Each structure stands twice: as C-alpha cells, then as structure tokens.
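Protein chains: 4
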Amino acid sequence: MKALVLNCTLKASPETSNTEALARVVMTQLERDGVAVEIVRLVDLNIRPGVKSDEGHGDEWPGVREKILGADVLILATPTWMGQMSSVAKRALERLDAFLSETDDQGRTPAMGKVAGIVVTGNEDGAHHIVATGAQALIDVGFTVPALAWTYWHLGPGPGPDYTDTQQAHEYSDTVARNCARNLLHGAKALAAAGDFPPQESP
Amino acid sequence: MKALVLNCTLKASPETSNTEALARVVMTQLERDGVAVEIVRLVDLNIRPGVKSDEGHGDEWPGVREKILGADVLILATPTWMGQMSSVAKRALERLDAFLSETDDQGRTPAMGKVAGIVVTGNEDGAHHIVATGAQALIDVGFTVPALAWTYWHLGPGPGPDYTDTQQAHEYSDTVARNCARNLLHGAKALAAAGDFPPQESP
Amino acid sequence: MKALVLNCTLKASPETSNTEALARVVMTQLERDGVAVEIVRLVDLNIRPGVKSDEGHGDEWPGVREKILGADVLILATPTWMGQMSSVAKRALERLDAFLSETDDQGRTPAMGKVAGIVVTGNEDGAHHIVATGAQALIDVGFTVPALAWTYWHLGPGPGPDYTDTQQAHEYSDTVARNCARNLLHGAKALAAAGDFPPQESP
Amino acid sequence: MKALVLNCTLKASPETSNTEALARVVMTQLERDGVAVEIVRLVDLNIRPGVKSDEGHGDEWPGVREKILGADVLILATPTWMGQMSSVAKRALERLDAFLSETDDQGRTPAMGKVAGIVVTGNEDGAHHIVATGAQALIDVGFTVPALAWTYWHLGPGPGPDYTDTQQAHEYSDTVARNCARNLLHGAKALAAAGDFPPQESP
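Protein chains in written order, with this note's numbering: chain X, 1 to 203; chain V, 1001 to 1203; chain F, 2001 to 2203; chain Y, 3001 to 3203.
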C-alpha cells in the first residue's frame, strides 16, 4: 500500500510547515503499518491555475498527478486561513477536477478505489469546515472517505500559536491522527479487496 | 444488506415530498441490487432537540436510532433551504452526535462499518454545500462516505420549480442517483467483508 | 434603537445556556450604548417546521417575527454541534425565508434596513463556518452584516469545556463581543440615517 | 464613489471570462449610478502565496491592495469549481488577511467603512456556499456586506453551459446583479455618511 500527502502550506521550503508536522504523525502511523508514504509540498512547485491535468507553461501538476495515480491513500493536508483551506489546497482540488473527464470504459474516475483523508492545522478555528469542503470535493472526483479519516489542531478562540510553537493539546490531535491513519488503511484495504467499483451510468 | 433513508423534508405527511421522490430513485436501484430499504419521514415524528440518544418527553429518536443501528447504509435526504440542509436534517445529525460517546470496548462508534450517502433536492442552489456539511458530520461519527455517494436536483439560478413539478433535468439526477446506490452498496459490501475497523486510541 | 437576540441553544429553560452567556456580553455593551435589548430562547417555544411566516398548529414563530420586525439589530446566537449551527438556528433561518415573499411595493424585504450579527459558542471548532452560513442566510433575506459583527468562543482542538465552565479565553471572546456590539450599532445607525434601500427590480 | 472588482477566474487573458461577463452587469449599474469602476484579472498577475501585504519575489499584490484601499466598494467575482470559490479568489482573501494587523490607532482595519459584494458564475451548483465563505472572510477583515449584495448564475443540476454560452436564465441573474449594485452603493453611501466605525478594543 502507498500513501501520498499533499502538503498545502503557503510557506515555501525550507520554512517550518506546521501542516507537515501534524501530517507526519499520520505518516508515521501509516509507515508502522507497512505503508510506503511520500509527502509533496505543493507551494514549492509550479502548479498552474486550471482544471485540466496538464496546463502547460511549465506546469508541474502532471508529476503530482502521477504520484496520486500510484497511491492507494491520498491525504490533503492544509493550514487554516480565514477559517478555510489554503489557496494551495483549493488549487490541488481544482486540478483533481480533471479526473471527472478521465473515466475508464466503465465510467469510473481514476480515484475510484482510493481513499482520502484530511489533516488541518491552524492558529485559529475552521477545521470542521475544511474537512467538510475537502471531503466533498474528494468524494466528488471518486475518492472514498473512511470513518474519522481526519485530524486537526488549533487552540481557540482567536489567533494563537502554531502547532510547532507549543506542545499544548498535541495529545488529542496526535491520537486522532493515528486513528486517521488506521482508518485510512482499513478503508484502502477493504476497497482493494472488493475489486472495482461497479460500472457507472453516464449522466 | 439493509438501507435506511432519513427523509428530512419540512413537510408533514401526506404532502408530496420532492426529497422522497428523488430518494426513491436511489432506493429502487438498491432494491434491484437486493438491498432491503426503508424510509422514515422525520418531520412526522417527535424528534426532540438535544445530543443524547434519548431525550425523553416522548422523544421518538430512539426508534429511528434502532433502525440506523440495523442498517448497513444510511442515506440523508434533505431539501435545500437558504442554500443549506433543512433543520430536520441538522436535528438528525445532532442526535447522531451521541454515537461519539457510545463506543465499543475498542473505541469504535456504532457507525463504524456503515456507509452513508446524501440526496439533495431544492428549488435553488446549495447541493454541494449540503453534501459537504452532511458528509463531514456523518464521517465525524463513524460513517464511511464512498465515492460519488450522492445525487442532487434543482434548476438554477434563483428559485424555480420543485423536482416533482417538472421532468426537466431528471435524467442527470436520476442517473447519478443510481450510481449513488451502486457505490453505496459496493462500499457497504467492502466494509462488511473487511471486518471491524481497527481499535481506536482514546484521545 | 432596539436589538433582538435569538438564542438557539438546544437546551430548554432553565438549563444554563452558554450561548446566552456569551450573547449577554454583546447585549450589555448594546445596553450601555443606549439600545433596548431583548433575548428569546427559541427552544422554549413551538417553532414549527416550514418556510411561511405562520405555520399554524400552535406555531409561536409569529410572535418572534413581530419582535424581529420591531428590532433594528438581530443577533443569531447559536451553539456549535458537529461544527455547524444548531437545528434551532437553522429553523429560525428557514422561517426568515418567508421575508423573500413579503416585500414592500418597491420590492424590499422586511429585513432591508436592519443589521445582523452572529454569536457562537461551542465545546469545539466550527465558529467560522457558522458565521459564514449564518451571514449568507441573513444577507439573503435582506439583513446587512457590518464589519466584524460576530464573536465566538471554544477551546480547541477536540471536545472541551463549555463557556460557563471556565474563564479561559473569555477575554478574547468578550472583547470581540463588545466590538461586535459597537459595529452592529454603528451599522444600524448608518442604515437608519441613510433611509430606505433603493427600489429592487423584480427578478 | 469608487468600486473595484477582483475577477478571480482561472483563465488568463485573453480567454473569455464568464465571471467578468456577469460582473460587468453589476459594474454597468454602478457606473449608471455615478460610481467609477475598475476590474482586475488576478490570474494575469503574480499574486504570491502568503498572508502578508507584500510577499516580495515580484509579488504584484501590493498594486491590487492599493486599488482596494482606494475603493469604497469591493466585489469578489469568482467562478465555481467543485462547488467552491476558485483558488485565485481564496488567494485574494488570504492576502486580505493582512488587514487584521494593519489597524489604525483606534484598532480599525483598512476595510472598515468599505462594503463588499460577491458575484458567482459556474457551470454547476455552489453559489450559496461561495457567498457564505466569501462574505465571512470579507466581514472578518472589516468589510460590511449589505443586504442582497450578490448575484450568481449557473444552470443545474450537473455540469452545464457557461454564462456566455447561452442567454438562458440571464434575466434572473442580471436583475439580481443590478440590485446588488444598488445595494452596495446604498451601503457605501450610508457608511461614508456615518463616519468612522467606533474604536475597537484590542483582544
């Protein structure tokens, strides 16, 4: 089994990414359970605006897309800005929109059979909303979102420290992160064993 | 396999429910595939405000809850009001919140192992938002939401006719509804074959 | 100037309402600034499902609606359940939907000229989402939402104590609540001085 | 009075922008009422990721920010992708986040006193959600959103034509667009006449 994390921080390398720090808790548990895990920091790449799989002009999404196609588990990891996912996360979802026109001869998108989860950090409130909008978009293009396949961290209310600034409340988020990893793997194995999704009627 | 539809229309029986009409397309496909399906119209019952499994005072949620516990597939079917799910749908989700404190000795909620889907009708825009908020809440309490496990219908923009007022655009929504049924069943069978979700660490 | 708070807690009187406790901080500031303020606890009333101004069968919304018509400022105060507003809050918004068909001879809804704000408490994340969905619905029916006309409180991440259980982080939420009151009053006075909104074209 | 439209299409010039086409209906009405209106197509500029007012490395946000500071009315105009605002719109909101730390000596953000509206096009459902998340973010940084200060267009359900592909249902969206313009101008004038928002307590 393979997993891919899309780190959707707004901060370019080598700045510390709080989102990556919490995502790594999920990744470590996946690795303990035998999954090969990779993480990609999208802001370091040239991910062009658009809704096609290759937008040209040096677009680096095609390489990310290949990794997604090769993974059984996709994790959307994003910071919270304005109570919402980052523009980098939204860009990734837009690019996944292309899957809807890349169906196989039975009408299945390339994501059908894969599972997805969501990791959210922030210095403020917004995580449930991001899980909602992230899950909806991922389900829309064919991912399955297993039970409790998310984790989040922030201290509330109002702007506060970042995840890597403090150990406060890590215990909750890290525990939930490990459950997230286990539930993603369980879902991925269940879908792999079940074979292809049924043929889809073309609307 | 058993499926339960929560019809969250605001209209009491015997008024025509557009939400039920579209839900029945999903139900018919599930029945064709051998699933026993039941539908409950929540507004006809006394579903008390609260977040416990039994709120007393004639609360009729406990009976609904029993049906949910007995089903492999749950479908949240709701109209769109103000671009959002109905207050009846929100009430049902609040009552499901109790699942979080009703875990088994391995920390699993009663919904873990079940799948959920979402059906939305309306006389206006709002369906994607309802799929987002519905999916998030259902995943939060332990349901798995399979690929493309939703359908919706409305004509846009601005207020328009209801689903049962016209045949316009039924073909899209009905086709997607049948795919929704197939994907829910595929997910439910996959989870059933995979056995229990892994033990959950207590946060 | 008059203000009305809709307390959308799920808890019937005389249980302690955390939502009311934070709303009272807004109310106290409004009163200091000369506004007459009233609060209504909707769960104690029979607010019938529907989208008309009077749903019969003992419906107590008409009395609430009269208070809204008499107020310059409306505050939607709600707890957070599943990261979303309460079903009681959603019910109130549905009932306000009737305003869209109760326009004056220039096409203006009864809310045009009034301002609205939002108060959110919870034992978990969700406030920004509630401000978003609350503001959208209130703007949809004709309220104006002034700058920073909200406050919220919860400790994150994961379920935690309620507002009245602790003094932690009250300072942030209470300060923001007083600003919310000031901004609502500024907006209400500005709209009152400006006279009627322009005639609306009928779509 | 001056208005600025942020066109958040994903398509670079000179491709036809449906979002601009609907935004121009709002703009034309504003101009009829004496407002000087400008439109900026953000995807043609280098708007860097981040939450500061100047992110360096050729960042072209500072020029956009100057135009926002000079305007009384801001209009966020965005297409709908995955039922949500575009990544370009989300990027603009992130950059506006900087306003929260650029307050005057009375704690007011640079947006306080300005109004904002939202224009949404799409080939599918999602507009109410975008109005919700857009309004919340704009209110968060200090804009006031007047009654019914939005318009949207799409045909539902499922993917369909774009706004400029057809005349279908333009009448609704264009009428609502003109009301949006009138309500924005009314709100802007009301706030201008009312003077500064009250001093804000620092949380």
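All C-beta atoms, glycine included, are put in the ideal place defined by N, C-alpha and C. On a predicted model such as this, the values are computed, not experimentally measured, just so you know.
Chain Y residues whose Cβ lies nearer than 9 Å to that of V/L1155: L3155, G3156, P3157 and A3169
Contact set between F/D2196 and chain V, taken where Cβ atoms lie within less than 7 Å: Under the 7 Å cutoff, chain V gives no residues; its nearest Cβ is about 23 Å from F/D2196.
Alpha carbon of X/V120 to alpha carbon of Y/T3078, nearest angstrom: 25 Å
Validate contact between the region 2138–2145 of chain F and the region 2109–2125 of chain F using beta carbons, cut 8 Å, 3 pairs: yes
Y/E3031 in three-state terms, based on DSSP: helix
When V/P1161, V/T1009 and V/N1007 are compared against V/D1125, the one with the closest alpha-carbon: V/P1161
Whether Y/A3089 touches Y/S3053 by CB criterion (8 Å): no
Buried or exposed (CB count within 10 angstroms, at least 16 for buried), V/Q1029: buried
Backbone secondary structure at V/V1145 - three-state DSSP: strand
Buried versus exposed call for Y/D3174 [16 or more other C-beta atoms within 10 Å across all chains shown]: buried
Option nearest F/L2100 by Cα separation, candidates F/D2033, F/A2092, F/T2109 and F/E2094: F/T2109
Cβ distance (whole Å) where F/V2025 is taken to contact F/K2067 below 8 Å: No, F/V2025 and F/K2067 are not in contact; Cβ-Cβ is about 21 Å, not under 8 Å.
X/V141 versus X/L185 - alpha carbon distance: 20 Å
Residue from X/R95, X/L96 and X/M85 whose Cα sits closest to the Cα of Y/R3091: X/M85
Proximity below 8 Å, CB of Y/M2992 to CB of Y/A3188: Here chain Y comprises residues numbered 3001 to 3203, so residue 2992 of chain Y is not present and cannot be evaluated.
Cβ-based contacts, 7 Å cut-off: residues of the region 65–88 of chain X near chain F: G83
Among Y/I3139, Y/I3130, Y/Q3136 and Y/L3138, the one whose alpha carbon lies nearest that of Y/H3154: Y/I3130
Rounded Cβ spacing between X/A21 and X/Y163 (contact assumed at less than 8 Å): 5 Å
Within 8 Å, strictly: CB atoms of F/E2201 and F/G2058: no
Residue of X/T19, X/R95, X/A111 and X/A177 minimising C-alpha distance to X/T72: Reading off the sequence shown, one finds Asp at residue 72 of chain X, where the question assumed Thr. Of the candidates X/T19, X/R95, X/A111 and X/A177, the one whose C-alpha sits nearest the C-alpha of X/D72 is X/A111.
F/N2183 in three-state terms, based on DSSP: helix
Beta-carbon neighbours of X/M112, restricted to chain V and to distances below 7 Å: A1147
Segments assigned beta strand (DSSP E), at least 3 residues, entirely inside the region 3150–3203 of chain Y: 3150–3153
Proximity test, Cβ basis, 8 Å: X/A135 and chain Y: no
C-alpha gap between X/E94 and X/L45, whole angstroms: 16 Å
Residues near V/I1047 by beta carbon distance below 8 Å, same chain, minus five either side: D1059, E1060, W1061, V1064, V1088, R1091, A1092 and R1095
Proximal residues of chain V, C-beta to C-beta of Y/S3173 below 7 Å: P1157
Test item: CB-CB of Y/A3127 and Y/T3166 under 8 Å: no
Cβ-Cβ separation, X/P203 to V/Y1172 (assumed contact under 8 Å), whole Å: 5 Å
Chain-ordered neighbours of F/D2140 on chain V, where CB pairs are closer than 8 Å: M1082 and G1083
Under the three-state DSSP convention, the category X/V51 falls into: coil
Minimum Cβ-Cβ distance from V/L1191 to chain X less than 8 Å: yes
V/E1038 (DSSP reduced to helix, strand or coil): strand
Presumed contact (8 Å Cβ cut-off) between X/L10 and Y/G3195, rounded CB distance: Not really, about 36 Å apart at Cβ, beyond 8 Å.
Neighbourhood of F/G2180 by C-beta distance below 7 Å, restricted to the same chain and skipping five residues each side: It is Cys, not Gly, that sits at residue 2180 of chain F in the sequence shown. Result list for F/C2180: V2026, G2117, L2148, A2149, W2150 and T2151, in chain order.
Sheet register partners of X/L213 (DSSP bridge): Residue numbering for chain X in the displayed model covers 1 to 203; residue 213 of chain X lies beyond these limits and cannot be assessed.
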